[in-house]
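S.K.: The UniProt record's numbering applies: residue 1 is where the sequence shown begins, and numbers increase by one. A virtual CB, placed ideally from N, CA and C, is assigned to each residue, including glycine.
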Amino acid sequence: MELSRGQNNRRTEVNVGAVTDVGTTNSEVAMLCVNLSLSDFYSSRPEFQTRLVINVGDSRKDVVGAAAAALELIKNKQVKAILGPWTSMQDHFLIEIGQKTQVPVVSYSATSPFLTSLRSPYFLRATYEDSSQVNAIKSIIKLFGWREVVPVYIDNTFGEGIMPRLTDALQEINVRIPYRSVIALNATDDEISIELLNMMTMPTRVFIVHMYSSLASRVFVKAKEIGLMRPGYVWILTNGVTDDLSLLSEVSIEAMEGVLGVKTYIQKSKELDKFRSRWRKRFPRKELTVYGLWAYDATTALAIAIEDAGTNNLTFSNADLGRNISELEALGSSQLGPKLLQTLSQVQFKGLAGDFRFINGQLQPSVFEIVNVLGTRERSIGFWTEENGLVKKIDQQPRSSESALSTWKDHLKPIIWPGDADSVPKGWEIPTNGKKLRIGVPKRTGYTDLVKVTRDPITNSTVITGFCIDFFEAVIRELPYDVSYEFIPFEKRNGKAAGNYNDLVHQVFLGRYDAVVGDTTILANRSSYVDFTFPFIKSGVGLIVPIRDVRPYPDPRDISEPELQLLRRSNPVANLVSLNISFNEFSGELPNVLADLQNRTEDSLSPPDPIMITMDEFIDMNEEDALAEINLEATQLEEQQSETHSGESAQAQRKVNPDFQGPKRYQASTIFWFAFSTMVFAPRERVFSFGARCLVISWYFIVLVLTQSYTASLASLLTTQQLNPTITSMSSLLERGERVGYQRTSFIFGKRIETGFSPSNLVPFDTSEECDELLRNGTKKGGISGAFLEIPYLRLFLGQYCNTYKMVEEPFNVDGFGFVSFSNRVADVSRAILKVAESPEATRLQRAWFKKKEESCPDPDTSPDPNPYVTSRQLGLDSFRFLFKVVFVICIMNLGYFIFCFLLKTGGKDLWGELKKADDESYINRVEKCSCSSKQQPPDDTNSQAAKPDENR
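1) Give me the Cα-Cα distance between phenylalanine 882 and isoleucine 697, rounded to the nearest whole angstrom.
2) So is isoleucine 791 buried or exposed if we call it buried at 16+ other beta carbons inside 10 Å?
3) If I follow the unbroken beta strand (DSSP E) through serine 39, where does it start and stop?
4) Helix, strand or coil: which one does DSSP assign to valine 424?
5) Could you pull out every residue in the same chain whose Cβ sits closer than 7 angstroms to the Cβ of valine 820, ignoring the five residues on either side in sequence?
6) Quick one: give me the first and last residue of the beta strand (DSSP E) that glutamate 491 is part of.
7) Using C-beta distances below 6 angstroms, list every residue in its chain close to arginine 744, excluding the 5 sequence neighbours before and after it, in chain order.
8) Once DSSP output is grouped into helix, strand and coil, what is the label at tryptophan 279?
9) Between which two residues does the alpha helix (DSSP H) holding aspartate 189 run?
10) For the region 837-848 against the region 206-226, do three or more pairs of beta-carbon atoms, one drawn from each stretch, fall closer than 8 angstroms, so that the two count as touching?
11) What does DSSP give as the partner residues of lysine 263 in its beta bridges?
12) According to the Cβ coordinates, are glycine 818 and isoleucine 370 closer than 7 angstroms?
13) Going by C-alpha distance, which of Leu798, Ser758, Val259 and Phe888 is nearest leucine 374?
14) With three or more beta-carbon pairs closer than 8 angstroms as the criterion, would you say the region 292-301 touches the region 347-365?
15) For the beta strand (DSSP E) that alanine 787 lies in, which residues bound it at each end?
16) Taking Cβ to Cβ, would you say arginine 776 is nearer than 7 angstroms to leucine 762?
17) Count the CB pairs spanning the region 473-480 and the region 824-833 that are closer than 8 angstroms, and state whether there are at least three.
18) From threonine 728 to phenylalanine 747, what does the alpha carbon distance come to, in whole angstroms?
19) Please work out which residues of its chain come closer than 7 angstroms, Cβ to Cβ, to phenylalanine 275, disregarding the five sequence neighbours upstream and downstream, and give them in chain order.
20) Near leucine 911, which residues of its chain fall below 6 angstroms by C-beta distance, leaving aside the five closest residues on each side in sequence?
21) In or out: glutamine 49 buried (at least 16 other Cβ within 10 Å) or exposed?
22) Using a Cβ distance threshold of 8 angstroms, determine whether the region 91-100 contacts the region 54-73, with at least three qualifying pairs required.
23) If you count every other CB in all the chains shown that lies within 10 Å of the CB of serine 44, and 16 or more means buried, which is it?
24) Go ahead and pull the three-state DSSP assignment for glutamine 362.
25) Identify every residue that forms a DSSP beta bridge with aspartate 58.
26) Count the other CB atoms, across all protein chains shown, that sit within 10 Å of the CB of glutamate 191; report buried if there are 16 or more and exposed otherwise.
27) Do three or more CB pairs link the region 277-293 to the region 12-24 at distances below 8 angstroms?
28) Quick check: does the Cβ of threonine 315 come within less than 6 angstroms of any heavy atom belonging to the ligand FMN?
29) Closest by CA to serine 109, which one among Arg825, Gln90, Pro489 and Lys436?
30) So, is proline 284 buried or exposed, given that buried needs 16 or more other C-beta atoms within 10 angstroms?
31) Beta-carbon separation of serine 112 and threonine 157 under 7 angstroms?
32) Could I get the ranges of all uninterrupted beta strand (DSSP E) runs contained in the region 106-167, with 3 residues as the minimum, in chain order?
33) Assuming glutamate 195 and serine 181 are in contact, meaning their beta carbons sit under 8 angstroms apart, how far apart are those beta carbons, in whole angstroms?
34) If you pair each beta-carbon of the region 792-809 with each one of the region 539-548, do three or more pairs fall below 8 angstroms?
35) If you count every other CB in all the chains shown that lies within 10 Å of the CB of methionine 893, and 16 or more means buried, which is it?
36) Determine the burial state of proline 457: buried for a count of at least 16 other Cβ atoms within 10 Å of its Cβ, exposed for fewer.
Set out below in structure tokens:
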């Protein structure tokens with residue numbers, strides 16, 4: 001039928017077809033815009049010689065109907081170009097027809113990328129291709145850090161066309177598509193509900209919806225009823241839905257509250273505002289859509305192109321009717337087609353929808369608007385541009401300081417999420433009604449402190465415990481969502497392990513397990529086909545070997561009596577060894593006797609005579625003779641001390657004691673002098689000056705500390721065990737061709753083969769007891785010289801056998817133990833591992849499971865060093881630094897005091913002469929000295945009465 005005709009009949013009329021779904025809302029709006037475009041165009045350009053006549057063909061909402069309408073228009077109206085049709089599937093047929101008949105097909109609504117693959121020069125897209133918005137969608141997903149998305153699209157060419165490009169874009173940012181939800185155009189409400197319930201049972205909570213707005217409205221109404229619009233869900237709409245939101249009912253839009261959408265951006269202009277105003281006046285009940293604007297601009301472009309192409313040849317060439325041809329070939333081809341196609345490709349102008357220009361046969365967008373559905377309307381929250389990505393304002397320039405520290409709030413305005421949530425959804429969640437995660441657990445024979453699999457004899461249920469299990473459960477509690485899981489032991493029916501750790505990890509790759517929890521080491525070859533979380537415990541491989549005592553003098557308990565007698569007579573140090581034996585033999589009585597002896601001698605004012613018994617005589621005695629000799633010596637000592645006390649008491653009764661007479665300061669200093677000097681020796685010379693006495697006493701104290709420290713260090717060196725390893729490195733094992741052990745089912749076997757060990761020299765073991773037995777037997781008895789253990793197992797082993805073995809080398813490092821796979825949840829689990837590792841819970845777990853089994857061994861938790869041994873500090877000059885500093889300070893103080901007093905007395909005159917003179921004013925001159933002192937210090941004539949010694953003494 002004829003919709004519009006140019007007003008001037010003298011102008012050349014050119015028939016143009018318009019294939020559309022007559023009676024639909026979008027079709028009516030588009031055809032009204034086509035009519036307005038022709039009216040506006042020719043009224044503003046009366047000089048043009050051509051006038052377009054639009055002939056409409058009804059496609060009847062059908063692909064075949066669209067093809068039939070196009071054939072009819074070409075055959076009966078000989079149209080020179082075709083506008084439409086409405087859908088991409090209908091356009092697919094029309095493109096083939098246009099290619100055969102050289103009739104350009106200009107579409108303002110077919111957006112499927114599949115149409116581009118036809119590569120027909122007679123197809124021009126006056127709209128945006130669907131794949132042009134995938135970069136905007138990718139930017140949104142990347143901004144919020146979601147790792148999985150589920151596309152929900154219509155089951156036709158329109159829905160499927162975007163998927164290849166969308167999949168590629170998401171793979172660029174490592175986003176996984178675990179499932180695709182496909183809904184038919186004519187799906188019933190029950191079918192939609194079943195599909196939505198299926199989506200609800202999956203962990204992914206981010207959905208990208210690409211379908212017609214009419215189908216989308218039904219989907220969201222059902223999604224709200226089922227519960228898919230609660231907090232935690234994310235819905236992203238393509239422009240196929242958002243561009244038509246104004247055509248939907250309020251109920252449908254309310255069901256979409258909280259969703260995000262990518263919308264076609266229409267730049268504001270005065271011409272557009274005038275057109276909208278005029279539209280509202282003429283068609284108040286019809287909503288102007290972006291497709292109507294594109295139809296308006298496409299009609300304008302076609303009018304310009306036909307005017308430029310001219311009207312010289314508007315006919316169709318006839319086909320050769322003499323041969324058998326199809327009806328399509330019988331239509332012939334348009335003579336104006338090639339020229340019209342050329343002029344259409346060169347058309348460029350400013351349209352209502354923006355800049356109009358065909359690039360590679362279609363319009364190229366550079367900006368998309370990001371909207372958030374709120375209530376019954378949409379709200380703009382930002383824009384996406386090719387140059388700057390996501391920005392809040394279209395004219396916003398990126399900041400030079402913008403970095404990875406920026407958040408989504410720096411790029412978009414505040415967002416209301418589904419369920420009126422204001423926090424960003426995680427995008428992933430274990431559904432309560434979904435399937436449980438199948439977690440594989442290794443079946444260990446030894447070192448069950450890490451993982452232990454047992455069966456309850458009553459319920460026959462599997463019980464799994466251990467450090468790794470408890471740590472995993474602590475990690476699960478730190479996740480921001482609930483996780484339902486079950487442990488599945490990796491074992492055979494007879495209860496034995498079904499394979500090694502490589503076999504267990506491979507089960508995740510095969511899909512039999514969703515994850516593996518246990519003492520699984522992170523290795524490069526394993527990470528090539530499965531994902532690992534961050535390590536939850538550090539690891540490595542250590543070499544342990546037996547240790548031996550290398551003291552210069554052997555343990556006395558290991559020496560026979562004849563050897564000991566010979567050693568005692570030939571080596572003085574053997575006396576110390578003999579003393580050690582004697583104390584071991586008389587450990588029950590001898591310490592008590594010596595303690596009693598010490599208590600009885602503590603009150604002595606002068607040191608007793610030494611006990612007259614040699615070490616040799618003491619060693620040669622039997623137990624009874626030795627005890628009798630000790631009692632005899634103790635009795636003699638008591639008698640001597642009794643005499644000493646009597647003499648001192650008699651002396652103290654005298655009224656005049658020259659050693660303790662004099663001023664009070666002198667008497668006090670004399671008391672301290674005797675108290676401290678007797679700790680070293682009985683001094684012969686007497687020191688009278690108070691400062692000198694302080695200095696000498698401090699020096700005597702240092703001498704005492706030095707001698708005692710040296711004595712203790714020498715005794716420790718000669719009697720303490722010095723344990724050194726029998727093997728010092730892995731290279732020595734290789735050079736000597738020694739047999740070594742390794743953990744069965746461990747990766748260590750392969751690593752040792754790569755290092756150069758012969759398989760015949762590698763002996764497997766399962767438990768700590770087996771390893772201990774092999775090391776004790778040695779290579780001569782079919783055992784091993786050393787064993788390779790991972791650090792966690794080594795800590796447990798040395799916590800039980802620290803006195804016998806020692807780690808001498810760590811040949812190579814590994815990342816540690818990690819959990820395997822968890823699909824897209826690796827990042828979440830890794831973050832939870834870091835939280836647990838930094839919390840007190842990690843310390844509590846290690847204390848609970850890494851316990852020492854031998855009391856003499858250090859605690860593997862408080863002393864986590866895999867090579868525990870006691871290192872005694874060597875005595876040196878720095879060990880006595882503080883004491884030397886104290887003596888130095890005392891010396892400086894005394895010297896300073898003397899100089900000060902000397903200068904004060906002399907006034908700084910004749911210093912040398914004054915220094916040589918005797919000090920007549922010193923309080924020491926008033927001290928009565930004994931005859932022994934007179935020999936040390938001759939009396940002074942000027943003060944003879946005060947300082948003369950007592951001749952009668």
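M.R.: In short, the structure shows the following:
1) In a straight line, the C-alpha of phenylalanine 882 is about 16 angstroms away from that of isoleucine 697.
2) Counting of Cβ neighbours within 10 angstroms places isoleucine 791 among the buried residues, the total reaching 16 or more.
3) Segment 25-44 is the alpha helix (DSSP H) holding serine 39; no beta strand (DSSP E) there.
4) Coil.
5) Correct list, in chain order: Val505, Val508, Ala515, Val516, Thr520, Val530 and Phe532.
6) Taken as a continuous stretch (DSSP letters only), glutamate 491 belongs to no beta strand (DSSP E), as it is neither H nor E.
7) Hits under 6 angstroms: Pro764 and Asp766.
8) Tryptophan 279 carries a helical assignment under DSSP once its states are collapsed to helix, strand and coil.
9) Segment 189-200, the alpha helix (DSSP H) holding aspartate 189.
10) Contact fails: fewer than three Cβ-Cβ distances are below 8 angstroms.
11) According to DSSP, lysine 263 bridges with Glu369.
12) For glycine 818 and isoleucine 370, no; Cβs fall outside 7 angstroms.
13) The shortest Cα separation from leucine 374 among Leu798, Ser758, Val259 and Phe888 belongs to Val259.
14) Cβ pair count under 8 angstroms is three or more, so yes.
15) DSSP places alanine 787 inside the beta strand (DSSP E), whose first and last residues are 786-790.
16) Contact flag unset, no.
17) Judged by Cβ distances under 8 angstroms, the region 473-480 makes contact with the region 824-833, as three or more pairs qualify.
18) Each residue's Cα considered, the two are about 23 angstroms apart.
19) Cβ neighbours of phenylalanine 275 beyond the five flanking positions: Leu352.
20) Excluding its 5 nearest sequence neighbours in each direction, leucine 911 has no C-beta neighbour in its own chain below 6 angstroms.
21) Around the C-beta of glutamine 49, fewer than 16 other C-beta atoms lie within 10 Å, and the residue is accordingly described as exposed.
22) Taking 8 angstroms as the limit for Cβ pairs, the verdict is that the region 54-73 does touch the region 91-100.
23) In the assembly as shown, serine 44 is an exposed residue. Its beta-carbon has fewer than 16 other beta-carbons within 10 Å.
24) Glutamine 362 falls in the strand class under three-state DSSP.
25) For aspartate 58, which the question treats as bridged, DSSP gives the partners Thr20.
26) Exposed: under 16 other Cβ atoms inside 10 Å.
27) No, because fewer than three Cβ pairs between the region 277-293 and the region 12-24 fall closer than 8 angstroms, the two stretches do not touch.
28) Of the ligands one can find in the structure shown there are none, so the ligand FMN has no counterpart to examine.
29) Measuring from the Cα of serine 109, the nearest candidate turns out to be Gln90.
30) Its Cβ having fewer than 16 others within 10 Å, proline 284 is exposed.
31) Result yes, Cβ atoms of serine 112 and threonine 157 sit closer than 7 angstroms.
32) Listed in chain order, they are 123-125 and 150-154.
33) Indeed they touch by this definition, with Cβ atoms about 6 angstroms apart.
34) With the cut-off at 8 angstroms, the region 792-809 and the region 539-548 touch.
35) Answer is exposed; the Cβ neighbour count stays below 16.
36) Proline 457 counts as exposed, since fewer than 16 other beta carbons sit within 10 angstroms of its beta carbon.
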